[in-house]
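Presented below is the structure to which this report refers.
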Amino acid sequence: NMITKNVLKNIHRLNFKHIAFKYSTVSAVEKPTIESNNVQIFQTIENSPLNHNRNHIGKFYEIPTDKFALFQHGGIPRSYLEQIEIFAQKSIMIRSAAVEIIEYLNQIDFTKPVTRFCLYGPLGCGKSLSLVHLVHYGLEAGFLLVHVPYVSNWTRRPREKATSNSDPSCFDLPIDGGIWLSHFKHQNLQLLQSLSLKIGNEYVWNSREKSEKNSPLLDFVDFGINRVKYSCDVIIALMEELKQIATQGQSKIMVVIDGYNSCFHPVTRIKDSNHNIIHPNRISLTKAFLNITKHDWCNGTVIVTVDEISAYIFDNSTTSYFPKFLLGKTGFEHIEPFIPIEVKAYSYKEAKNLLDYYRDRKWIRTSPEYDDEIISLNGNN
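First residue of the sequence shown? That's -8 in the numbering used here, and the numbers climb one at a time after it.
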């Protein structure tokens, strides 16, 4: 990821006469004595997000393999997945933004309209990985998860587009819709089976196929997976059903959307038959998730991120990363009121723990006495 690349790039700028090469090849394999003590500093053995608090901020925790499988359809940046494979350890750092939201969720009144959170901050500071932490928390806390790994995957790289079955002025992304339904089913299978949730309305798809009222929600999802032609219509209906399920107290729901401002940015890579760019408000998938991020239901929470890349901004030196700028007037008014949570660059403690973690994983060979120089060169990021 960006942090790893910056660290490695700037390490090579240091004077190697005074650092890494004083270790022999043999000593590099053997852990220095200091590292056995550092394990208790940069890592925590508390792997349940339910128990994470401010004392754990800056420490790494390992996501159990069965929970890590929840992200097999997306949610973890590709560069970080490569790092996980190299390190042979599924660890992420506990950041203050995630802990702050967990503290809120432990205190809010779920009988009130949904509390909405918006994570924002400079590129590469950990917004997506904070969402990974929060999705893991949601699973452990018994939330039904509505997780969108990255909205821009739909607006930039759609696998297929088709005129909407229910609204000819809109466009479906049927394959992407089917993949998302598989993701939803995989993340929530155990909860869907144990709660025996049912749909509250009848849906007629064509002259031969329909979903009966009070049929299992799991069957409803399976229909959208097996009949991808209707996947987007199923998702639109599913969002409304989930709002009713939550409001009726059948299950708490956590909505987590990365790159939320893509739902409002006028530029997409989807074009109609006249080669005109299609606005996100004409894409049925984005309309579905705009519905569930409204303020008209309770017994749940909504957590979103905004970033410059989702707004096609790749040079953040002349722009703002604040929600009002990235969401625009329409997006800001849609999600307001919300609680803004800034994801900042690493604190000094977090940066030190990151370097200790890299040393433990044999990713860097510098001695701790040069950490301050590395942190300074990288601007705590």
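Using N, Cα and C, we set each Cβ at its ideal position, and we do this for glycine too. Because the structure is a prediction, the values reported are computed rather than measured.
If you draw a straight line from the alpha carbon of residue i to that of residue j, how long is it in whole angstroms?
i, j, result
"leucine 164", "leucine 346", "42 Å"
"proline 359", "aspartate 351", "12 Å"
"asparagine 28", "isoleucine 36", "Any reading at asparagine 28 needs caution, since the residue's pLDDT is 46, under 50, leaving its predicted position unreliable; the model's value is listed next. Using only the alpha carbons, I get a separation of about 14 Å."
"valine 123", "leucine 136", "12 Å"
"aspartate 210", "isoleucine 269", "32 Å"
"glutamine 374", "histidine 256", "The displayed coordinates of the chain run from -8 to 372. Any statement about residue 374 would go beyond what the structure contains."
"valine 142", "threonine 277", "8 Å"
"histidine 236", "leucine 188", "The displayed chain sequence assigns isoleucine, not histidine, to residue 236. So the alpha carbons of these two residues sit roughly 8 Å apart."
"histidine 47", "glycine 129", "18 Å"
"serine 39", "lysine 81", "14 Å"
"asparagine 44", "phenylalanine 175", "28 Å"
"threonine 292", "alanine 132", "12 Å"
"glutamate 364", "serine 253", "38 Å"
"phenylalanine 108", "alanine 342", "26 Å"
"leucine 96", "proline 271", "30 Å"
"glutamine 241", "phenylalanine 134", "11 Å"
"threonine 146", "asparagine 265", "18 Å"
"threonine 106", "isoleucine 93", "12 Å"
"phenylalanine 59", "lysine 103", "31 Å"
"isoleucine 216", "tryptophan 171", "9 Å"
"asparagine 156", "serine 119", "33 Å"
"glycine 112", "arginine 356", "30 Å"
"serine 367", "valine 126", "32 Å"
"phenylalanine 316", "asparagine 144", "21 Å"
"asparagine 344", "lysine 50", "7 Å"
"leucine 114", "threonine 310", "12 Å"
"lysine 204", "valine 212", "14 Å"
"phenylalanine 12", "glutamine 184", "Residue placement at phenylalanine 12 is poorly supported in this model, since its pLDDT is 35, which falls under 50; the coordinates still yield a value, given next. Approximately 57 Å, taken between the alpha carbons."
"isoleucine 32", "methionine 84", "12 Å"
"valine 17", "glutamate 53", "Confidence in valine 17 is poor, its pLDDT being 35 and thus under 50, which makes the residue's placement too unreliable to answer from."
"glutamate 299", "glycine 319", "12 Å"
"isoleucine 326", "histidine 286", "8 Å"
"glutamate 76", "aspartate 362", "25 Å"
"threonine 388", "leucine 110", "Any question about residue 388 goes unanswered here, given that the chain covers just -8 to 372."
"methionine 68", "lysine 262", "Note that residue 68 corresponds to proline in the displayed sequence, not to methionine. Proline 68 and lysine 262: Cα-Cα distance of roughly 27 Å."
"lysine 353", "cysteine 116", "23 Å"
"serine 206", "leucine 186", "13 Å"
"phenylalanine 313", "serine 121", "17 Å"
"valine 139", "asparagine 369", "31 Å"
"arginine 148", "phenylalanine 323", "25 Å"
"phenylalanine 214", "glutamine 34", "43 Å"
"phenylalanine 78", "threonine 321", "43 Å"
"asparagine 267", "leucine 72", "36 Å"
"asparagine 42", "proline 328", "28 Å"
On the DSSP bridge list, what partners appear for residue i?
i, result
"methionine 230", "DSSP, once it has assigned bridges, lists no residue as partnering methionine 230."
"arginine 107", "Val293"
"glutamine 34", "Phe51"
"tyrosine 194", "Ser202"
"glutamate 333", "Tyr111"
"proline 207", "Lys189"
"lysine 262", "Ile268"
"isoleucine 283", "BP columns for isoleucine 283 are empty, so no partner."
"valine 247", "His138, Ile294"
"isoleucine 300", "Answer is none; isoleucine 300 lacks a bridge partner."
"isoleucine 274", "Phe162"
On the premise that residue j lies in contact with residue i, defined as a C-beta separation below 8 Å, what is that separation, rounded to the nearest angstrom?
i, j, result
"isoleucine 227", "alanine 279", "4 Å"
"threonine 284", "valine 297", "Actually they are not in contact, since the Cβ atoms of threonine 284 and valine 297 sit about 12 Å apart, beyond 8 Å."
"tyrosine 349", "asparagine 371", "In fact, because the Cβ distance is near 15 Å, the residues do not count as touching under 8 Å."
"phenylalanine 162", "arginine 273", "6 Å"
"lysine 243", "phenylalanine 101", "6 Å"
"isoleucine 190", "glutamate 232", "5 Å"
"asparagine 282", "methionine 245", "That belief does not hold up - the Cβ atoms of asparagine 282 and methionine 245 are roughly 16 Å apart, past 8 Å."
"asparagine 192", "threonine 238", "Actually they do not touch by this definition, with Cβ atoms about 14 Å apart."
Answer with yes or no whether the minimum CB distance from residue i to chain D is below 8 Å.
i, result
"aspartate 213", "In the structure shown, chain D cannot be found, because there is only a single protein chain."
Query raised in the report: Do the region 195 to 206 and the region 234 to 250 touch if we need at least three Cβ pairs shorter than 8 Å?
Result: With the cut-off at 8 Å, the region 195 to 206 and the region 234 to 250 do not touch.
Requested in this report: Kindly provide the ranges of any beta strand (DSSP E) runs that are 3 or more residues long and lie completely inside the region 124 to 167, ordered along the chain.
Outcome: Within the region 124 to 167, the complete beta strand (DSSP E) runs of at least 3 residues are 135 to 139.
Query raised in the report: Does the region 218 to 226 come close enough to the region 166 to 186 that 3 or more CB-CB pairs lie under 8 Å?
Result: Judged by Cβ distances under 8 Å, the region 166 to 186 makes contact with the region 218 to 226, as three or more pairs qualify.
Requested in this report: Answer yes if the region 88 to 106 comes into contact with the region 332 to 344, meaning at least three C-beta pairs across the two stretches below 8 Å, and no otherwise.
Outcome: Result yes; three or more Cβ-Cβ pairs closer than 8 Å.
Report task. Determine, using beta-carbon pairs with one atom in the region 180 to 188 and one in the region 60 to 71, whether at least three such pairs fall under 8 Å. Result -> Flag = no, the region 180 to 188 and the region 60 to 71 do not touch.
Query raised in the report: Along the chain, which unbroken stretches of the alpha helix (DSSP H) at least 4 residues long are found entirely within the region 45 to 89?
Result: Entirely contained in the region 45 to 89, the alpha helix (DSSP H) runs reaching 4 residues are, in chain order, 56 to 59, 69 to 78.
Report task. Please go through the region 313 to 371 and give each complete alpha helix (DSSP H) segment of 4 or more residues, from N-terminal end onward. Result -> Entirely contained in the region 313 to 371, the alpha helix (DSSP H) runs reaching 4 residues are, in chain order, 314 to 326, 339 to 351, 362 to 368.
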